[in-house]
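Engineer: In the UniProt record's numbering, the protein residues as written are 1 to 362.
#1: Whole angstroms is fine: what's the gap from residue 322's alpha carbon to residue 281's?
#2: Which of the three DSSP states is assigned to residue 319 in this structure?
#3: Tell me the DSSP bridge mates of residue 37?
#4: Evaluate residue 119 with the Cβ neighbour count: other Cβ atoms within 10 Å of its Cβ, from every protein chain shown; 16 or more gives buried, anything less gives exposed.
#5: Using 8 Å as the cut-off, can you tell me whether the region 218-226 makes contact with the region 234-242, which would need three or more C-beta pairs spanning the two stretches below that distance?
#6: Is there contact here, the region 327-336 with the region 282-290, by at least three beta-carbon pairs under 8 Å?
#7: As an exercise, report each continuous beta strand (DSSP E) stretch of at least 3 residues that is fully enclosed by the UniProt domain "Reverse transcriptase Ty1/copia-type" (12-121), in chain order.
#8: Can you tell me the Cα-Cα spacing of residue 203 and residue 228, whole angstroms?
#9: Give, in chain order, every unbroken run of the alpha helix (DSSP H) that is at least 4 residues long and sits entirely within the region 141-206.
#10: Return the Cβ separation of residue 190 and residue 101 in integer angstroms, given the expectation that the two are a contact with Cβ distance under 8 Å.
#11: Please look up how many angstroms separate the CB atoms of residue 265 and residue 28, rounded, as I've assumed it's under 8 Å.
#12: Determine the contact status of residue 95 and residue 193, defining contact as a CB-CB distance below 8 Å.
#13: My assumption, with CB atoms under 8 Å, is that residue 178 sits in contact with residue 124. Please give the rounded CB distance.
#14: How far does the alpha helix (DSSP H) with residue 226 in it extend, from its first residue to its last?
#15: Identify the residues that DSSP records as bridge partners of residue 210: which are they?
#16: Let me know the secondary structure DSSP gives residue 138 once reduced to three states.
#17: Starting from the C-beta of residue 57, find all residues in its chain whose C-beta is less than 6 Å away, skip the five residues before and the five after it, and write them out in chain order.
#18: For residue 133, write down the residues that DSSP places opposite it in a beta bridge.
#19: With a CB to CB cut of under 6 Å and the five nearest residues on each side skipped, what residues in its chain are close to residue 245?
#20: Give every residue of the same chain whose Cβ lies closer than 8 Å to the Cβ of residue 249, excluding the five residues on either side of it in the sequence, and list them in chain order.
#21: In the DSSP output, which residue or residues are listed as bridge partners for residue 284?
#22: Does residue 234 come out as helix, strand or coil in the three-state DSSP assignment?
#23: What are the partner residues of residue 356, as DSSP defines its beta bridges?
#24: Can you tell me where the alpha helix (DSSP H) holding residue 260 begins and where it ends?
#25: Quick check on residue 239: does DSSP put it in helix, strand or coil?
#26: For residue 35, does the count of other Cβ atoms within 10 angstroms reach 16, so buried, or fall short, so exposed?
#27: Who are the near neighbours of residue 276 in its chain, counting only those whose CB is closer than 7 Å to its CB and skipping five residues on each side?
#28: When DSSP labels each residue in this structure, what does residue 279 get in the three-state scheme?
#29: With distances taken Cα to Cα, identify the nearest neighbour of residue 126 among 356, 173 and 257.
#30: Cβ of residue 354 within 8 Å of Cβ of residue 111?
#31: Can you find the residues in the same chain that come closer than 7 Å, C-beta to C-beta, to residue 91, ignoring five residues on each side of it along the sequence?
#32: Rounded to a whole number of angstroms, what is the C-alpha to C-alpha distance between residue 351 and residue 116?
#33: Out of 164, 234, 243 and 18, which one is the CA nearest neighbour of residue 259?
#34: Who are the near neighbours of residue 188 in its chain, counting only those whose CB is closer than 8 Å to its CB and skipping five residues on each side?
#35: Work out the CA separation of residue 18 and residue 349 for me, nearest whole Å.
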């Protein structure tokens, strides 16, 4: 894969030029373009004026680079893109944001701080904090904003940063201390990231979970999911549900629906890369009742209140796009996205998810 710097041209002009060259714009992601002719396959990803191109034919890539798109600049093999460091090795491709993380640590003055083993306290009460309001809340907003971008390669930070982002309007001292704790956690593992193993298969798996009525002010539930391609997460999210669920089962059922939508989109996106998934993707959930609701189409008094759009997961199951599976709570990988975990369990899930630290600690 190579990286190219584009001139300041309009997106429509660039799209037109690529289509004339023979590229096809991807429907699941309009920033992705694919060229597939005569056993030559090229893929191009564009973000504003930065471009990544890769494929199975080096000569075709060289030919494309020789075609002038304005005053484009060839930056060489892909090593750094939008703050994400890309390292190629015999094991596979490793993605991290080490430089970005070190910049945050340095700006906070924590280069010499003692690191913590988990990014957030297990029994925190940040939603009920009554401490002093910050005199300069912009400091808090800037720090949390930087931390949000770090979740691109650090899914283990999603839960704690989701919690911190809820107090942007009126942060208190407890919230600031919790944000600095995340920085101290990063101090111990600045180069942690995702390893895409070269010998991994291309099957899709998903884990979804919820924390029922976890937010004490509104009692709305928190959902989280991982979508894995082979052994590595490729999509994840921590999100508060829009409405209050009447039971933990309904909260889990909603999380399955959200994850099913992501799986459907991911299948379409991978198809743009020429990776077809004829087998149903496995969707893992640790709530037996929610799993029974999915497979049981019989009307029931206790499920009649569930909205029609929530039965999307049933439709996907009947179409053969997914298959639901039970997973023990102790093996539910999405737990790390919905709860504050202790040191041992947190480290265990990091290992199961393939989140590694290939750099020497600072």
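Cβ coordinates follow ideal geometry from the N, Cα and C atoms, glycine included.
Structural biologist: Straight from the coordinates:
#1: Straight through space, the alpha carbons of residue 281 and residue 322 are spaced by roughly 5 Å.
#2: Residue state for residue 319 is assigned as coil, using DSSP reduced to three classes.
#3: In DSSP, residue 37 forms a bridge with 40.
#4: Around the beta carbon of residue 119, 16 or more other beta carbons sit within 10 angstroms, so the residue counts as buried.
#5: Three or more beta-carbon pairs drawn from the region 218-226 and the region 234-242 are found closer than 8 Å, and the two stretches are therefore classed as touching.
#6: Enough Cβ pairs lie closer than 8 Å, so yes.
#7: Within the UniProt domain "Reverse transcriptase Ty1/copia-type" (12-121), the complete beta strand (DSSP E) segments of 3 residues or longer fall at 32-37, 40-47, 50-55, 73-77, 84-89 and 92-96, listed in chain order.
#8: Near 8 Å, if we compare the C-alpha coordinates of residue 228 and residue 203.
#9: If you keep only unbroken alpha helix (DSSP H) runs of at least 4 residues inside the region 141-206, you get 158-164 and 173-188.
#10: Their Cβ separation, rounded to whole angstroms, is 4 Å, which keeps residue 190 and residue 101 in contact under 8 Å.
#11: The beta-carbon distance between residue 265 and residue 28, rounded to whole angstroms, is 6 Å. This is short enough to meet the 8 Å contact definition.
#12: Yes. Within cutoff.
#13: Correct: roughly 7 Å between the Cβ atoms.
#14: Segment 222-229 is the beta strand (DSSP E) holding residue 226; no alpha helix (DSSP H) there.
#15: Note: residue 210 is bridge-paired with 223 in the DSSP secondary-structure output.
#16: Note: residue 138 maps to helix in three-state DSSP.
#17: Taken in chain order, the residues that qualify are 40.
#18: Answer is 172, bridged to residue 133.
#19: The beta carbon of residue 245 is closer than 6 Å to those of 221 and 251 in its chain, skipping five residues each way along the sequence.
#20: Excluding residues within five positions, the ones whose Cβ falls inside 8 Å are 287, 289, 290 and 293.
#21: Per DSSP, 207 and 325.
#22: Strand.
#23: In the DSSP assignment, residue 356 is bridged to 193.
#24: Boundaries of the alpha helix (DSSP H) harbouring residue 260: 248-272, taken from the DSSP string.
#25: In this structure, residue 239 counts as strand in the three-state DSSP scheme.
#26: Its Cβ being crowded by 16 or more others within 10 Å, residue 35 is buried.
#27: The answer is none, since no qualifying residue turns up.
#28: Coil, per DSSP.
#29: Checking every option, the nearest Cα to that of residue 126 belongs to 173.
#30: With a cutoff of 8 Å on beta-carbon distance, residue 354 and residue 111 are scored as not near each other.
#31: Closer than 7 Å at the Cβ level, and outside the excluded window around residue 91, lie 195, 197 and 198.
#32: Spanning the two alpha carbons is a distance of roughly 18 Å.
#33: Looking at the Cα atoms, 234 is the closest of the given residues.
#34: Excluding positions up to five away in sequence, the list reads 115, 116, 117 and 361.
#35: Their Cα atoms are separated by approximately 42 Å.
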